[in-house]
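*Asks:*
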Amino acid sequence: MSEHRHVILSLIDRHHQQLLAEWLACQKRDARIADPQREKEIAGLAGRFLDQLRRGAIAQADDIQMAEWQPVREVLEDLSRDRAIQGFSPSETAIFVFSLKEPLFALLRREFAIDADRLARETWTASRLIDRLGLYTIESYARVREEVITRQQQELLELSTPVVELWDGILALPLIGTLDSARTQIVMESLLQRIVTSGAEIAIIDITGVPTVDTLVAQHLIKTISAARLMGADCILSGIRPQIAQTIVHLGLELNVVSKATMADALALALRRANKTIIDREPSAATRT
Amino acid sequence: MGEIPILRIGDCLLVSIQVDMHDRLALALQDDLTERIVADRARGVMIDISALEIVDSFIGRMLNNIAAMSRVLDAITVVVGMRPAVAITLVELGLGLTGVRTALNVDKGLALIRNIIDNPERDDANRIR
Numbered sequence: 001m002s003e004h005r006h007v008i009l010s011l012i013d014r015h016h017q018q019l020l021a022e023w024l025a026c027q028k029r030d031a032r033i034a035d036p037q038r039e040k041e042i043a044g045l046a047g048r049f050l051d052q053l054r055r056g057a058i059a060q061a062d063d064i065q066m067a068e069w070q071p072v073r074e075v076l077e078d079l080s081r082d083r084a085i086q087g088f089s090p091s092e093t094a095i096f097v098f099s100l101k102e103p104l105f106a107l108l109r110r111e112f113a114i115d116a117d118r119l120a121r122e123t124w125t126a127s128r129l130i131d132r133l134g135l136y137t138i139e140s141y142a143r144v145r146e147e148v149i150t151r152q153q154q155e156l157l158e159l160s161t162p163v164v165e166l167w168d169g170i171l172a173l174p175l176i177g178t179l180d181s182a183r184t185q186i187v188m189e190s191l192l193q194r195i196v197t198s199g200a201e202i203a204i205i206d207i208t209g210v211p212t213v214d215t216l217v218a219q220h221l222i223k224t225i226s227a228a229r230l231m232g233a234d235c236i237l238s239g240i241r242p243q244i245a246q247t248i249v250h251l252g253l254e255l256n257v258v259s260k261a262t263m264a265d266a267l268a269l270a271l272r273r274a275n276k277t278i279i280d281r282e283p284s285a286a287t288r289t
Numbered sequence: 290m291g292e293i294p295i296l297r298i299g300d301c302l303l304v305s306i307q308v309d310m311h312d313r314l315a316l317a318l319q320d321d322l323t324e325r326i327v328a329d330r331a332r333g334v335m336i337d338i339s340a341l342e343i344v345d346s347f348i349g350r351m352l353n354n355i356a357a358m359s360r361v362l363d364a365i366t367v368v369v370g371m372r373p374a375v376a377i378t379l380v381e382l383g384l385g386l387t388g389v390r391t392a393l394n395v396d397k398g399l400a401l402i403r404n405i406i407d408n409p410e411r412d413d414a415n416r417i418r
């Protein structure tokens, strides 16, 4: 195995400039790079990669997970991170590594033009190495993407649970999106905290933005409502769409809470309970006739 | 072993639980409280649990019991001052304390009792428990 490595290594060493130039040309063609800025950036990365690849190949480690390959892996990780954050697709990212095959195989062909058996063997070794490096690139790309998704989920959780003070002593909790346990926990905590700070006695939970209500979502709603009740605040459920009303009945769910079709109705009820009324300043034309 | 003081505010009684509850203390409290309700002709009982960081099923049951006993003696029980973390824990445990009324603090608890005593029929009409 060490012999094969040495072949690739000496090839890369001897034809370093040529290989780099051809590789960049291949990348430019395959990835259709038009931006000179990006071209320069890729050239820099490619140079770094080749340098590190030479060092990795010296170590003769067959497995790219070994410590000797650490610098090469780092280059690929940097690449994947940049690409993932800039919104490139996985193939656009992996093409960086896979496009090295063409110039490298061409070099091998020139080197072993007379020895078909040797050529096939070396090509196989080089191909295997590049495939592994390519797969590693895609893996780290996916990992970065996953991190981005997790972070966004977290941000979404914090963004999507506002508690609004509609009136003195009346809170509204407009829920958008599906209610899972993690969100219920955050919703509950922020609602209870606001009940403490504002001293509200009525909370309107609006589920207009909740796409479906199944037994689990209902369970979470009931929990939130009971917790608010323990803190001395009564809940009114609003924004129940006709389909959801049907679903609730079909599932046989018992929410045990006052519910209103719209937030406006809920607010009217809340104001009545708080002994407040809203009156028109002047009789409008419609009521006079 | 100290006992839990019962304070009188108008025709209401205020019990503030600030120590760890255990069996004997709970029984003593129930004894004292029922006697005081009868002796003072109290119409309302407020139980302040704002000092409690942990409310378990035992205290939950005790609160339910006190509420049931007071109801028999025609007094309204209101649990006041529950902390958010305690409320979440109770709900997760499945203890909704459905037999007990609740208020955010002593002020609101007093107002709630007053309100219920003043209009008993209206209260039942606009609340679903």
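If you read the protein sequences in the order shown, they are chains A and B.
Going by my numbering, the first residue of the first sequence is number 1, and it counts up by one from there.
Going by my numbering, the first residue of the second sequence is number 290, and it counts up by one from there.
Just so it is clear, CB atoms sit at the ideal spot from N, CA and C, and this is done for glycine as well.
Could you check whether the Cβ of residue 373/B sits closer than 8 Å to any Cβ belonging to chain A?
*Replies:* Cβ-Cβ to chain A under 8 Å: yes for residue 373/B.
*Asks:* Classify residue 399/B as helix, strand or coil using the three-state DSSP reduction.
*Replies:* If DSSP states are grouped into helix, strand and coil, residue 399/B belongs with the helices.
*Asks:* Please report the residue range of the alpha helix (DSSP H) in which residue 90/A lies.
*Replies:* That run of the alpha helix (DSSP H) goes 90-98.
*Asks:* Starting from residue 316/B and walking both ways along the beta strand (DSSP E), at which residues does that stretch end?
*Replies:* First-last for residue 316/B: 312-329, but that is the alpha helix (DSSP H), not the beta strand (DSSP E).
*Asks:* Going along chain A in order, which residues have a C-beta closer than 8 Å to the C-beta of residue 369/B?
*Replies:* Simply 232.
*Asks:* Go ahead and label residue 372/B buried or exposed: buried means 16 or more other beta carbons lie within 10 angstroms of its beta carbon, across all protein chains shown.
*Replies:* Counting Cβ neighbours within 10 Å, residue 372/B comes out buried, since at least 16 surround it.
*Asks:* How big is the Cα-Cα spacing for residue 46/A and residue 20/A?
*Replies:* In a straight line, the C-alpha of residue 46/A is about 7 Å away from that of residue 20/A.
*Asks:* Below 8 Å on the Cβ atoms is my guess for residue 340/B versus residue 389/B; work out the distance and round it to an integer in Å.
*Replies:* About 18 Å; that fails the 8 Å criterion.
*Asks:* Tell me whether residue 347/B is buried or exposed, calling it buried when 16 or more other Cβ atoms sit within 10 Å of its Cβ.
*Replies:* The residue in question, residue 347/B, is exposed, as its Cβ has fewer than 16 Cβ neighbours within 10 Å.
*Asks:* Does the beta carbon of residue 192/A come closer than 8 Å to any beta carbon on chain B?
*Replies:* Residue 192/A counts as touching chain B.
*Asks:* What residue range does the alpha helix (DSSP H) around residue 308/B cover?
*Replies:* Premise fails: residue 308/B is in no alpha helix (DSSP H) and is neither H nor E.
*Asks:* In angstroms with no decimal places, state the Cα-to-Cα distance between residue 123/A and residue 69/A.
*Replies:* If you take the alpha carbons of residue 123/A and residue 69/A, they lie about 20 Å apart.
*Asks:* Near residue 186/A, which residues of its chain fall below 8 Å by C-beta distance, leaving aside the five closest residues on each side in sequence?
*Replies:* Closer than 8 Å at the Cβ level, and outside the excluded window around residue 186/A, lie 157, 158, 161.
*Asks:* In chain A, what lies closer than 8 Å to residue 385/B by C-beta?
*Replies:* What residue 385/B touches in chain A: 226, 229, 230.
*Asks:* As an exercise, report each continuous alpha helix (DSSP H) stretch of at least 4 residues that is fully enclosed by the stretch 8-71 of chain A, in chain order.
*Replies:* Here the runs fully enclosed are 16-31, 36-58.
*Asks:* What does residue 199/A touch in chain B if you count any residue whose Cβ is under 8 Å from its own?
*Replies:* Those are 393, 394, 397, listed as they occur along chain B.
*Asks:* Hey, is residue 296/B's beta-carbon within less than 8 Å of any beta-carbon in chain A?
*Replies:* Chain A contact via Cβ: absent.
*Asks:* For residue 187/A, would you say it is in contact with chain B, using Cβ-to-Cβ distances shorter than 8 Å as the test?
*Replies:* With 8 Å as the cut-off, residue 187/A does not count as an interface residue toward chain B.
*Asks:* Would you identify the three-state DSSP class for residue 383/B, choosing helix, strand or coil?
*Replies:* Residue state, collapsed to three classes: coil.
*Asks:* Can you tell which of 408/B, 307/B, 352/B, 310/B has its C-alpha closest to the C-alpha of residue 368/B?
*Replies:* Of the listed residues, the one whose Cα sits closest to residue 368/B is 352/B.
*Asks:* Give the secondary structure of residue 163/A by DSSP, where H, G and I count as helix, E and B as strand, and everything else as coil.
*Replies:* In the structure shown, residue 163/A sits in coil (DSSP, three-state: anything other than H, G, I, E or B).
*Asks:* Based on Cα-Cα distance, which residue from 76/A, 37/A, 50/A, 267/A lies nearest to residue 174/A?
*Replies:* For the residues 76/A, 37/A, 50/A, 267/A, the minimum Cα distance to residue 174/A belongs to 267/A.
*Asks:* Any beta carbon from chain A within less than 8 Å of residue 334/B's own beta carbon?
*Replies:* Chain A, which has no Cβ nearer than 8 Å to the Cβ of residue 334/B, makes this no.
*Asks:* Hey, quick one: how far does the beta strand (DSSP E) through residue 209/A stretch, first residue to last?
*Replies:* 202-209 is the extent of the beta strand (DSSP E) around residue 209/A.
*Asks:* Within 8 Å of any Cβ in chain B, is that where the Cβ of residue 163/A sits?
*Replies:* Chain B contact via Cβ: absent.
*Asks:* Does the CB of residue 213/A have a neighbour CB from chain B at under 8 Å?
*Replies:* Residue 213/A does not count as touching chain B.
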